[in-house]
Amino acid sequence: MSGGRYALMALGGCAVIALMFISQMGAGSVPAGESPIQISEVMTSNTATLVLEDGSVPDWIEVENISEKAVNLSGYGLMIEADPTDIYTFPGTVLEPGGYTVVCADGNTGLGADHAPFKLSASGGNIALIGKSGKGVDLAEVPELDRDQSYARDVAGNWQVTDTPTPGNVNNITKPEETAMGETVIRVQPGAVEISEVMSGSVTWFADENGQYHDYIEIRNTSGAAVNLAGWYLTDTKERLTRWQFPDVTVPAGGYIAVHCSGFGRTGNASHLHTNFKLSSEGGDTVILTDPQGVSVSMVEVPLLSADQAYTRMATGWTKTMTPTPGAANTLEASAYSANAVLASTGSGVYITELLATSSKSSDWVEIRNATGQAIDLSGWGLSDNANRPRKWQFPQGTTIQPGAYIGVYCDGIDKVSDGKMHSNFALNADGGYSVTLSDPNGRIMDRMFVPQQYTDMSYGRMDGYDGLRYFKSVTPGEPNGGTTYAGRASTPDYSVRGGLFTTGEVFEVSLTAEPGQRIYYTLDNTDPDEGSSLYTGPITVSGTTILRTRVYGDDRLASYMDTQSYLYDVNNGGGTVYTVSLVSDPYNLNSDEAGIMVKGPNATKTYPYGSMNRGANFWMDWEREAHVEIFNPDGSTMLSQECGIKLHGQYSRAEAQKAFKVIARSEYGESRFKAPIFSNRDYTEYQSFLLRASGQDTDKTRMRDSILSGLAAGTSVLYQETEICVVYLDGKYWGHYNLRERINPACIAQFEGWEGQEDDIDLIKANSNVMQGSNETFEKLLSYVKKAKMNTDEAYANLDKAIDIQNYIEYMAIQMYTGNTDTLNVKRYRNKNADGKWRWVLFDLDWAFYTDTNSVSRWLNPGGMGNGKRTDNTLFIACMKNDTFRDQFLTHLGERMATDFSAKSMLDKFEARYDVLEPILGDHFTRWKLKKDNYTAKLRQLVSYAKERPERMLQFLKYSDDLDLSKAEMQKYFGEAMKAHGLTYDKIKKP
562 MSGGRYALMA LGGCAVIALM FISQMGAGSV PAGESPIQIS EVMTSNTATL VLEDGSVPDW
622 IEVENISEKA VNLSGYGLMI EADPTDIYTF PGTVLEPGGY TVVCADGNTG LGADHAPFKL
682 SASGGNIALI GKSGKGVDLA EVPELDRDQS YARDVAGNWQ VTDTPTPGNV NNITKPEETA
742 MGETVIRVQP GAVEISEVMS GSVTWFADEN GQYHDYIEIR NTSGAAVNLA GWYLTDTKER
802 LTRWQFPDVT VPAGGYIAVH CSGFGRTGNA SHLHTNFKLS SEGGDTVILT DPQGVSVSMV
862 EVPLLSADQA YTRMATGWTK TMTPTPGAAN TLEASAYSAN AVLASTGSGV YITELLATSS
922 KSSDWVEIRN ATGQAIDLSG WGLSDNANRP RKWQFPQGTT IQPGAYIGVY CDGIDKVSDG
982 KMHSNFALNA DGGYSVTLSD PNGRIMDRMF VPQQYTDMSY GRMDGYDGLR YFKSVTPGEP
1042 NGGTTYAGRA STPDYSVRGG LFTTGEVFEV SLTAEPGQRI YYTLDNTDPD EGSSLYTGPI
1102 TVSGTTILRT RVYGDDRLAS YMDTQSYLYD VNNGGGTVYT VSLVSDPYNL NSDEAGIMVK
1162 GPNATKTYPY GSMNRGANFW MDWEREAHVE IFNPDGSTML SQECGIKLHG QYSRAEAQKA
1222 FKVIARSEYG ESRFKAPIFS NRDYTEYQSF LLRASGQDTD KTRMRDSILS GLAAGTSVLY
1282 QETEICVVYL DGKYWGHYNL RERINPACIA QFEGWEGQED DIDLIKANSN VMQGSNETFE
1342 KLLSYVKKAK MNTDEAYANL DKAIDIQNYI EYMAIQMYTG NTDTLNVKRY RNKNADGKWR
1402 WVLFDLDWAF YTDTNSVSRW LNPGGMGNGK RTDNTLFIAC MKNDTFRDQF LTHLGERMAT
1462 DFSAKSMLDK FEARYDVLEP ILGDHFTRWK LKKDNYTAKL RQLVSYAKER PERMLQFLKY
1522 SDDLDLSKAE MQKYFGEAMK AHGLTYDKIK KP
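Residue numbers for the sequence shown follow this note's numbering, so the first one is 562 and each next one is one higher.
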């Protein structure tokens, strides 16, 4: 037998003594100094605190040497009261003074000498430390613990339950009232050391000492002196700030250190530190860096990241599109060193040379080169835009690439071979932030090319003589890369004072800075800056409304995106109650006859409205122009500042003096999303586009009709356009009151329904059958069905339910009917063929609602169409109302809303609240557009009168409808509460 076995037998013989010890002794009752070794921490329900290399998460017991001398643990043992026959004996480990050792209580002794033959219970129990004499020398009476809680001694030796376990390290137990550690709301005090990069789905970045890839967190020392991180902490949750502790490791001045988030908890190799936690591939982690004093100095909320995508801190904020640079500066220069890391490790002679992700002339494509001296069979090799799925698309059998040759794959999602050309099952994303990988038939990644943001008609790839990846002005499929190339794009400049709201008398200087060696050009007349503009040489003085537009140029760099700062003076934002929007574009884009989107131009027709869509006046053309948009919060702070595209929006309102705008984020201008919570009643944090609407046909009337009436859909399943009130400045000139609105398009629909990533799967129809995207085929089949079917059957209702979201249609129709909207052709509906496939409706453009005293009940139920010229097809609603179940549901819903949200009181409250917001800013608006307040007041009175009269008028239309033929009992059932809310009885409702 081995010595360990003899020792185990000896300890086993003392089990009775140990049990007596357990039964007689209380925790912590060992006299001070009697034993140099003590149990210092226990975890009985480990799920993530200590993760072994095989991925297992054992419970554990920590033992500490509290003496001033080294102690050989040979002869010491651990046992649990629940099973005293299985005793763990320590190997001949020498524990230094103040040192710790951790024993895994997983019952799996085959995994090593530090694994006990027993397990621990989360419900608690007694654990004894047995000395060399076989007598008990310490006892831990462990209570019931939650997941990842530990039972640990504090500095006084007293046991406490803690949410900050520290296996193998000094216990850190503090009282909540004495520290911010552990609190849910974290107050960050930024310091010299910060989190600079995070990756939560590494497949090919930052291999550890064993060549394995893990998530990572990068730390940067921004100071001019080295910083020792001993005693600092990293965590992935606000609930446990001291989850992992840095060892004695130093970050040099201006230096970086990357830490593997493997869960292994290894700290022995300063070049490859491993935290005891992993990051979630689903996003949502909060990574926090805390100093030894318990002060959180840096925090970042990690978004959802794709495989091999880093979240990187740049001077302008965090981005997902920067090439990962773990352990190095977040710069283009640093990224060059990692560009060929995978290729170097595999030694593959077949690799990716060039790709084109956005083209005005062709599909996306990826080019592969064989740099070896022999033909290579690519059958079964994989090409992918997702490093987690390296064989997402496979080269067809028989695909061979000859020595020195190139082979191309069109990345257009078609997934076929046509005319000898290969088409993959994916397309490239110009926004970047992912890796294109080439893998062998076994799925081993042989080459990886990280794709940052891409630019139209420019390719990206490798070039002989350069370490990193390059942008190519001239694409060269099938040929060596060359010509004019760039390492990347210059960044926009930093401003000592950014745009905002100012008052007369404020005078200041704006200083601009860019990367060393780069040049800043600027304009103050709204024109686009270029190298012919003013070269920045010193501070710019601002004393009144000023529009500063800039662009940066540098060697080996594409010119930066344009940038704009609006310094607006004496803005009337309602005393800090409404938003301020500054929209800036080159005057040529707005007002020139050749390209101006705001003017009639040379081809306008003679009479109002001077043309029609894509015919006649410039403002009827579907032209898009580059611009810059800034949104300032009511308190004057900046919500958004971004380059964008603008188009005019609407129909006849294009011919009005105050025009509406579509504001669109596109990658060609910088970002493909507006990353701002623009609408306070939505929980979205970014948008693809939005509208600046001048109230459409209500522009010279109430300026609130559409936004309030469409807002009646709030709280229902019907998609509507949210509203924020704002004042707009166009090229620095006051442009009046606008309604900031959501824009209805596939991106907006996907956001509302939770269909992000499925925008292309959406069928979107305008009016009766105008296909904006996808197909109207299933709706046409539905109409054909309801025209022939017997609708008052359960089968018919079931078939309706398969084709449309019935509740959604009921909610939509109730609003349309009650508001008396006459412009019903201006409507949209949609469905997602890959979701439930049901049609749903969008409520928008109610400029002509609450306007005419229309019997909308009759109009919707009379066959032959309704609305202007009876052009709106009402076939579906008439058919639905023939079904008793649908009819009951619709009338019940309509009655409930007429008694509440649609009531006169509710509507008047809404109008009054909006007027209170508008009134302080309307004077300036009337002056700007030469409008008379008396006219506005008269129109507002009409709207108020309509709201007061509409409930009774609707009850009249319902009671005397020949199509509905409602009995007195039915009127009472469906509309009794609505009558009561308006002081009416059945008998008081007279024939209209």
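By construction, the Cβ of each residue, glycine as well, lies at the ideal position given by its N, Cα and C atoms.
Quantities reported herein were computed from a predicted structural model and do not represent experimental measurements.
Contact test: alanine 683 Cβ vs the ligand PLP heavy atom, cutoff 7 Å: Judged by which ligands are present, the structure shown has none, so any question about the ligand PLP falls away.
Lysine 1223 - DSSP class collapsed to helix/strand/coil: Three-state DSSP puts lysine 1223 in a strand.
Cα-Cα separation between alanine 1410 and serine 842, rounded to whole angstroms: Cα-Cα distance, rounded: 48 Å.
Inter-residue CB distance, leucine 795 and leucine 850 (contact presumed, cutoff 8 Å): Confirmed, about 6 Å.
Beta-carbon contacts of proline 597 that lie in its chain and below 8 Å, excluding the five residues immediately before and after: Asn626, Ile627, Ser628, Lys630 and Val632.
With 16 other Cβ atoms within 10 Å as the buried cut-off, status of alanine 1460: Per the 10 Å Cβ criterion, buried.
Proximal residues to leucine 1527 (C-beta, below 7 Å), its chain only, five neighbours per side dropped: So the list reads Leu1519 and Lys1520, once near-sequence residues are dropped.
Check whether aspartate 1028 and leucine 989 have beta carbons under 8 Å apart: In this structure, the beta-carbon distance from aspartate 1028 to leucine 989 does not fall below 8 Å.
Whole-angstrom distance between asparagine 1003 and lysine 1557, CA atom to CA atom: No answer is possible for residue 1557: it lies beyond the span of the chain, which begins at 562 and ends at 1553.
CB of aspartate 620 within 8 Å of CB of lysine 696, strictly: No, the pair does not count as a contact, with Cβ atoms beyond the cut-off.
Three-way DSSP call (helix, strand, coil) for threonine 1037 in this model: Coil, per DSSP.
With 16 other Cβ atoms within 10 Å as the buried cut-off, status of alanine 1539: The residue is buried, with at least 16 neighbouring Cβ atoms inside 10 Å.
Element boundaries [alpha helix (DSSP H), containing isoleucine 1371]: Note, isoleucine 1371: alpha helix (DSSP H), 1367-1380.
Cβ shell of glycine 1231 (< 7 Å), same chain only, five flanking positions each side left out: Tyr1122, Gln1203 and Glu1204, listed in sequence order.
Rounded distance between the beta-carbons of alanine 991 and serine 617, thought under 8 Å: Contact flag wrong, Cβ pair sits at about 43 Å.
Valine 1403 versus His833, Ile962, Thr1046 and Thr1277, residue with shortest Cα-Cα distance: When only C-alpha atoms are compared, the closest one is Thr1277.
Alanine 546 - partner residues in DSSP beta bridges: Past the boundaries of the shown model lies residue 546; the chain is included only from 562 to 1553, so the question cannot be answered.
CB of serine 1336 within 8 Å of CB of aspartate 1322, strictly: Going by C-beta atoms, serine 1336 is not nearer than 8 Å to aspartate 1322.
Opening and closing residue of the beta strand (DSSP E) in which lysine 839 lies: Counting along the chain, lysine 839 falls outside any beta strand (DSSP E), and DSSP gives it neither H nor E.
Residue interval of the alpha helix (DSSP H) (run including glutamate 894): For glutamate 894, the enclosing alpha helix (DSSP H) begins and ends at 893-899.
Counted within 10 angstroms of its Cβ, other Cβ atoms place phenylalanine 1069 as buried (16 or more) or exposed: Label assigned to phenylalanine 1069: exposed.
Closest by C-alpha distance to glycine 1456, when choosing among Ser1417, Met1427, Ala1542 and Phe1438: Scanning Ser1417, Met1427, Ala1542 and Phe1438 for the CA closest to the CA of glycine 1456 turns up Ala1542.
Buried versus exposed call for aspartate 1116 [16 or more other C-beta atoms within 10 Å across all chains shown]: Result: exposed.
Inter-residue Cα distance where the pair is threonine 1380 and threonine 1453: Their Cα atoms are separated by approximately 17 Å.
Residues that DSSP places opposite valine 927 in a beta bridge: The partner list for valine 927 (beta bridge, DSSP) reads Leu916 and Val970.
The beta strand (DSSP E) enclosing glutamine 1312, as first and last residue numbers: Element bounds for glutamine 1312: not the beta strand (DSSP E) but the alpha helix (DSSP H), 1307-1314.
Residues that DSSP places opposite glutamate 758 in a beta bridge: Answer by DSSP bridge pairing, in chain order: Glu779 and Thr873.
Contact under 8 Å by Cβ, valine 1505 with glutamate 1372: Cβ distance not < 8 Å, so valine 1505 and glutamate 1372 don't count as in contact.
Selection from Ala1465, Gly1022 and Glu1040 that minimises the alpha carbon distance to methionine 1033: Checking the displayed sequence, the identity of residue 1033 turns out to be phenylalanine instead of methionine. Sorting Ala1465, Gly1022 and Glu1040 by C-alpha distance to the C-alpha of phenylalanine 1033 places Gly1022 at the top.
Burial state of glutamine 750 (16 or more Cβ within 10 Å): So glutamine 750 ends up on the exposed side.
Cβ-based neighbour list, methionine 1515, same chain, cut-off 7 Å, excluding 5 preceding and 5 following: Cβ within range, chain order: Tyr1379 and Met1459.
Inter-stretch contact at 8 Å, needing at least 3 Cβ pairs: the region 1295-1304 / the region 1410-1424: No, they do not touch.
Under the three-state DSSP convention, the category threonine 1098 falls into: The three-state secondary structure of threonine 1098, taken from DSSP, is coil.
With 16 other Cβ atoms within 10 Å as the buried cut-off, status of threonine 608: So threonine 608 ends up on the exposed side.
Simplified DSSP state of aspartate 1055, which is helix, strand or coil: Here DSSP, grouped into helix, strand and coil, assigns aspartate 1055 to strand.
Nearest-angstrom Cα separation, counted from methionine 1159 out to proline 1148: It is roughly 10 Å from the alpha-carbon of proline 1148 to the alpha-carbon of methionine 1159.
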